[in-house]
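Peer 1:
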Amino acid sequence: MSLLQVKNVSKQFGGLTANQDVSFTVEKAQIVGLIGPNGAGKTTMFNCVAGFFAPTAGNILLNGRNIAGLPPEACAR
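Numbering-wise (my numbering), the sequence shown opens with residue 2 and increments by one.
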């Protein structure tokens, strides 16, 4: 089982799409970086994974548990 799975995650703010249909997997002990130009949605994706933003669509699984939309303190447990 993967440590973190981001599946088809999208995040919109009104009419602005910050992330659209993003998927990636992080295995235990793997180091991953998000790279891209300014305004590409890196911080928005991080905030969705960390629980600061709820994704508009998709799932974020931490150790197999869907954490999409949960507050940061619930994800830290």
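Glycine residues also receive a C-beta, built at the ideal position from the N, C-alpha and C atoms.
(1) Which residue's Cα is closest to the Cα of K8: L62, L71, N48, G16?
(2) Go ahead and pull the three-state DSSP assignment for V27.
(3) DSSP three-state call for T57: helix, strand or coil?
(4) What's the C-alpha gap between P56 and P73?
(5) Alpha carbon to alpha carbon, how far is K29 from L4?
Peer 2: Working from what's here:
(1) Your numbering for residue 8 matches position 7 in the sequence shown. Measuring from the Cα of K8, the nearest candidate turns out to be L62.
(2) For this step, residue 27 is matched to residue 26 along the sequence shown. If DSSP states are grouped into helix, strand and coil, V27 belongs with the strands.
(3) Taking the sequence shown and counting its residues from 1, one reaches residue 57 at position 56. DSSP places T57 in coil when its eight states are reduced to three.
(4) Within the sequence shown, the letter at position 55 stands for residue 56. Within the sequence shown, the letter at position 72 stands for residue 73. Each residue's Cα considered, the two are about 13 angstroms apart.
(5) Counted from its first residue, the sequence shown places residue 29 at position 28. Counted from its first residue, the sequence shown places residue 4 at position 3. Those two C-alpha atoms are separated by around 5 angstroms.
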